[in-house]
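Engineer: What follows is a single structure, and I will ask about it in a moment.
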Amino acid sequence: MQSDNSHSQFYRQAAPVTGRKAICATLLFVAIGFLACAMPDYPEGFYPQAFARLPLEVPLVALTLLWLPSRLALMVAAVATLAVFLLLFLKLADVGVISAFQRRFNPYLDIKMMYDGWNVLSGSVGKVGAAAVIGLVSGLIAMVLSLFCWAALQLNRFGAQARRIALAGFALLMGVGVVLWAAGPRAGAADIAEMRVATYLQDRLSLVSQSISDIRAFEAQLGGSAGAIQTARFDRVAGRDVIVIFFESYGRSAVEDPRYADMIKPRLENVQQKLQAAGFATASGWTRSPTVGGLSWLAHGTLMSGLWVDNQARYDLLMSSRWPSLNRAFGAAGWQTVAIMPAITMDWPEAAYYGYDTILAAKDMGYRGKPFNWITMPDQYTLSAFERLARQPARAAGKPVMAEIALISSHAPWTPVPKLIDWASVGDGIVFNSQAESGDAPAVVWADPDRVRRQYIETIDYTLQTLGDYIARFGEDAVFVVLGDHQPASIVTGPDASRAVPVHIISRDATLVESFRVDGFTAGMTPDNATPEGSMDRLRDILIQRFTGD
Numbered sequence: 002m003q004s005d006n007s008h009s010q011f012y013r014q015a016a017p018v019t020g021r022k023a024i025c026a027t028l029l030f031v032a033i034g035f036l037a038c039a040m041p042d043y044p045e046g047f048y049p050q051a052f053a054r055l056p057l058e059v060p061l062v063a064l065t066l067l068w069l070p071s072r073l074a075l076m077v078a079a080v081a082t083l084a085v086f087l088l089l090f091l092k093l094a095d096v097g098v099i100s101a102f103q104r105r106f107n108p109y110l111d112i113k114m115m116y117d118g119w120n121v122l123s124g125s126v127g128k129v130g131a132a133a134v135i136g137l138v139s140g141l142i143a144m145v146l147s148l149f150c151w152a153a154l155q156l157n158r159f160g161a162q163a164r165r166i167a168l169a170g171f172a173l174l175m176g177v178g179v180v181l182w183a184a185g186p187r188a189g190a191a192d193i194a195e196m197r198v199a200t201y202l203q204d205r206l207s208l209v210s211q212s213i214s215d216i217r218a219f220e221a222q223l224g225g226s227a228g229a230i231q232t233a234r235f236d237r238v239a240g241r242d243v244i245v246i247f248f249e250s251y252g253r254s255a256v257e258d259p260r261y262a263d264m265i266k267p268r269l270e271n272v273q274q275k276l277q278a279a280g281f282a283t284a285s286g287w288t289r290s291p292t293v294g295g296l297s298w299l300a301h302g303t304l305m306s307g308l309w310v311d312n313q314a315r316y317d318l319l320m321s322s323r324w325p326s327l328n329r330a331f332g333a334a335g336w337q338t339v340a341i342m343p344a345i346t347m348d349w350p351e352a353a354y355y356g357y358d359t360i361l362a363a364k365d366m367g368y369r370g371k372p373f374n375w376i377t378m379p380d381q382y383t384l385s386a387f388e389r390l391a392r393q394p395a396r397a398a399g400k401p402v403m404a405e406i407a408l409i410s411s412h413a414p415w416t417p418v419p420k421l422i423d424w425a426s427v428g429d430g431i432v433f434n435s436q437a438e439s440g441d442a443p444a445v446v447w448a449d450p451d452r453v454r455r456q457y458i459e460t461i462d463y464t465l466q467t468l469g470d471y472i473a474r475f476g477e478d479a480v481f482v483v484l485g486d487h488q489p490a491s492i493v494t495g496p497d498a499s500r501a502v503p504v505h506i507i508s509r510d511a512t513l514v515e516s517f518r519v520d521g522f523t524a525g526m527t528p529d530n531a532t533p534e535g536s537m538d539r540l541r542d543i544l545i546q547r548f549t550g551d
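Using our numbering, you'd call the opening residue of the sequence shown number 2 and step up by one each time.
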């Protein structure tokens, strides 16, 4: 014990911190501690008044470090540094996740998204650029944490005079803070002094705990009855191709937001007229997506399973389960099931759950043209390849096709914007090279939020035009279900946008299309703004019921 005390005394007396070093340590401790505690945790919170705060944790920890013996101070400094790391990491993650997906970061559910984030970032700015961004951010955080830890340890080594001044200063700051905390609401200074770190971290622990309980409940649901899909017969669409098309980032905002409606509503009317002229009936409605801004596979899993799959953990459980998919039900009823996935460029083990007979990923579609940045091929080529590689062979074999198609031209970064060409000229896709080389780089486009929004809606317009032209030319007696996978990120929609996406039913069987009116659909390609927003997991059973005819 005596040796420990001697060591502690030696630690304090060996090199007392005074003068400029003491001032520097104090300023660093206060600045970094204040930043971690007061920094907003949502994108719209970054304005000057948001930083008019006095986090009481800062003077409280400083006073503790100034009073404690060195060994205990080392522990407090380590805990405080860990708290600063957690606050900075969680708040930055919140800002990013809210910007992209309009919800807070969930450590239990979202860690796996980091790899997907790398894929998107590297696809947009290149692997070198993505590595540079991640390295810069990681290095900056490491530097800030090192400086804070150093400053915290220096506080404990202040010389006598520096210690007295620091104690008086932090005690005064703490006293003022306590007075403001107690009298703030009555004095019109609410929320200036605050002590929220413990509550913030506790709320995140509660979120993790709730997520664990939710996953357990979902596991139990997967062990229950699968409902209508077990008796699905699909008599109303017997012998016809059934084509489900997920339309990337096609959300309600594209149709109704005043910034976009002037382009998209006329396009929808034009598509409707083109389809009517070709003998097709149309009905449209809204359905709520389980995701927003990305994670398209959650929407695919939700529709095909009829379960609400709103996070990666639920998706992973579904993929490893025996819960029947809509694809498998069609396969059991005699359809040739096909997946057209131009965004799949790596192994896709999840395909085993869906049970497709044929999978056409990016490498299987014969595209020899250049990519449109992250986008492997334009939607027109995807639909042309589907016609050539899936529908025509199935037709020759006398089997109808049930297809799930992902169209990705309207995926970020929305540059360059493709243009529709003559279908006879599509070929192997080399004809698109001039388009792929046109336009500005993502870094240029994304430097201007207005430009981002303009190019987003131009890609939506392109895909609508392409779909209308494809169905009118090649649709024949097929039944099409076209729906958005999710709304785009808040940079496009704003922070409080609906999670609904349009869904269109298109077929030459007018009676079949009309039957969807019972479910809230309205005639035409433009959904009524008064139509209730159904849930995407419910849409599966609606399709089964209408296609079966019960």
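Just so you know, even glycine gets a beta-carbon here, dropped at the ideal spot from N, CA and C.
(1) Please report whether the beta-carbon of V85 lies at a distance below 8 Å from any beta-carbon of chain C.
(2) Within the continuous alpha helix (DSSP H) that includes F248, where are the two ends?
(3) So within the segment 358-386, which uninterrupted alpha helix (DSSP H) runs reach at least 4 residues, ignoring any that extend past its ends?
(4) Within the same chain, show all residues whose beta-carbon is closer than 7 Å to that of F517, passing over the 5 residues directly before and after it, in chain order.
(5) Rounding to the nearest angstrom, what Cα-Cα distance links G1 and A448 in this structure?
(6) Return the residue from the list L465, I376, A63 and V480 that minimises the CA-CA distance to F433.
(7) Report yes if the C-beta distance between T292 and L299 is below 8 Å; otherwise report no.
(8) Report, in whole angstroms, the separation of the C-beta atoms of A255 and I265, which I expect to be a contact under 8 Å.
(9) Under a three-way DSSP split, which group does I33 fall into?
(10) Buried or exposed: where does M526 fall if 16 or more other Cβ atoms within 10 Å of its Cβ makes it buried?
(11) Quick check on the DSSP output: what are the complete alpha helix (DSSP H) runs of length 4 or more inside the segment 426-511, in order along the chain?
(12) For V243, which option in L327, R500, M144 and A444 has the closest C-alpha, if you only look at C-alpha atoms?
(13) Out of curiosity, what's the CA-to-CA distance linking D311 and Q277?
(14) Return the first residue and the last residue of the alpha helix (DSSP H) that V62 is part of.
(15) To the nearest angstrom, how far is it from the Cα of L540 to the Cα of L137?
(16) I'd like to know whether the C-beta atoms of T467 and D380 end up nearer to each other than 8 Å.
(17) Can you grab the Cα-Cα spacing for the pair G46 / G286, in whole Å?
(18) So, with DSSP's three-state summary, where would you put F548?
(19) Along the chain, where does the alpha helix (DSSP H) that runs through Q277 open and close?
(20) Can you find the residues in the same chain that come closer than 6 Å, C-beta to C-beta, to D5, ignoring five residues on each side of it along the sequence?
(21) With H, G and I counted as helix, E and B as strand and the rest as coil, what does DSSP make of F159?
(22) Which word fits R500, buried or exposed, when buried means at least 16 other C-beta atoms lie within 10 angstroms of its C-beta?
(23) From what residue to what residue does the beta strand (DSSP E) around E534 run?
(24) According to DSSP, simplified to helix, strand and coil, what is I341?
(25) Give me the residue from P267, V31 and A490 with the minimum Cα distance to Y295.
(26) Go ahead and pull the three-state DSSP assignment for R54.
(27) Spatial neighbours of Q337 within its chain, please: C-beta separation below 6 Å, excluding the five flanking residues on both sides.
(28) Does the contact criterion of 3 or more C-beta pairs under 8 Å hold for the segment 416-423 versus the segment 451-470?
(29) Hey, quick one: how far does the beta strand (DSSP E) through G286 stretch, first residue to last?
(30) Under three-state DSSP, which class holds M403?
Structural biologist: Judging by the given coordinates:
(1) Going by chain labels, chain C is absent from the structure shown, which holds only one protein chain.
(2) As a working note, residue 248 is residue 247 in the sequence shown. That residue, F248, is in no alpha helix (DSSP H); its beta strand (DSSP E) goes V243 to F248.
(3) none
(4) Residue 517 sits at position 516 when you count from the first residue of the sequence shown. For F517, where only same-chain residues beyond five positions count, the Cβ hits under 7 Å are A284, I506 and R547.
(5) Because the chain in this structure spans residues 2 to 551, residue 1 falls outside the shown range and cannot be described.
(6) On the sequence shown, residue 433 is found 432 positions in, with the first residue counted as 1. Residue I376 is the option with its Cα nearest to F433.
(7) Taking the first residue of the sequence shown as 1, we reach residue 292 at position 291. Taking the first residue of the sequence shown as 1, we reach residue 299 at position 298. Closer than 8 Å, so yes.
(8) Translated into positions along the sequence shown, residue 255 becomes position 254. Translated into positions along the sequence shown, residue 265 becomes position 264. Indeed they touch by this definition, with Cβ atoms about 5 Å apart.
(9) As a first step, residue 33 must be located in the sequence shown, where it is residue number 32. Three-state result, I33: helix.
(10) By 1-based counting over the sequence shown, the position of residue 526 is 525. The residue in question, M526, is buried, as its Cβ has 16 or more Cβ neighbours within 10 Å.
(11) Residue ranges of uninterrupted alpha helix (DSSP H) with 4 or more members, entirely inside the segment 426-511 and ordered along the chain, are 434-437, 443-446, 450-475 and 491-494.
(12) Here residue 243 is taken as the residue at index 242 of the sequence shown, counted from 1. Comparing Cα-Cα distances from V243 to each of L327, R500, M144 and A444, the minimum goes to L327.
(13) On the sequence shown, residue 311 is found 310 positions in, with the first residue counted as 1. On the sequence shown, residue 277 is found 276 positions in, with the first residue counted as 1. Rounded to whole angstroms, D311 to Q277 spans 36 Å at the Cα level.
(14) Indexing the sequence shown from 1 puts residue 62 at position 61. E58 to W68 is the span of the alpha helix (DSSP H), which, as asked, contains V62.
(15) Sequence index remark: in the sequence shown, residue 540 carries index 539 (1-based). Sequence index remark: in the sequence shown, residue 137 carries index 136 (1-based). Approximately 44 Å, taken between the alpha carbons.
(16) Within the sequence shown, residue 467 is the residue found at index 466, counting from 1. Within the sequence shown, residue 380 is the residue found at index 379, counting from 1. It is a contact, given that the beta carbons lie within the stated cut-off.
(17) Along the sequence shown, read from residue 1 onward, the residue named residue 46 stands at position 45. Along the sequence shown, read from residue 1 onward, the residue named residue 286 stands at position 285. C-alpha separation (whole angstroms): 35 Å.
(18) As a working mapping, residue 548 is identified with position 547 in the sequence shown. Helix, per DSSP.
(19) As a first step, residue 277 must be located in the sequence shown, where it is residue number 276. P259 to A278 is the extent of the alpha helix (DSSP H) around Q277.
(20) Here the question's residue 5 lines up with position 4 in the sequence shown. Residue confidence is low: D5 scores 48 on pLDDT, short of 50, so the model does not pin down where it sits. Its coordinate-derived value is still stated next. None.
(21) In the sequence shown, counting from the first residue as 1, residue 159 sits at position 158. Three-state result, F159: strand.
(22) Mapped onto the sequence shown, residue 500 falls at position 499. The residue in question, R500, is buried, as its Cβ has 16 or more Cβ neighbours within 10 Å.
(23) Locating residue 534 in the sequence shown gives position 533, where the first residue counts as 1. Element bounds for E534: E534 to S536.
(24) For the purposes of this step, residue 341 is identified with residue 340 of the sequence shown, where counting begins at 1. DSSP places I341 in strand when its eight states are reduced to three.
(25) By one-based count along the sequence shown, residue 295 stands at place 294. Correcting the residue type first, residue 295 is Gly in the shown sequence and not Tyr. If you compare the alpha carbons of P267, V31 and A490 with that of G295, the shortest gap goes to A490.
(26) Position 53 of the sequence shown, counting from 1, holds the residue named residue 54. R54 falls in the coil class under three-state DSSP.
(27) Sequence index remark: in the sequence shown, residue 337 carries index 336 (1-based). Excluding residues within five positions, the ones whose Cβ falls inside 6 Å are D358, A395, K400 and V402.
(28) Yes: at least three Cβ pairs fall under 8 Å.
(29) As a working mapping, residue 286 is identified with position 285 in the sequence shown. Where G286 is concerned, the enclosing beta strand (DSSP E) stretches over A282 to R289.
(30) By one-based count along the sequence shown, residue 403 stands at place 402. In this structure, M403 counts as strand in the three-state DSSP scheme.
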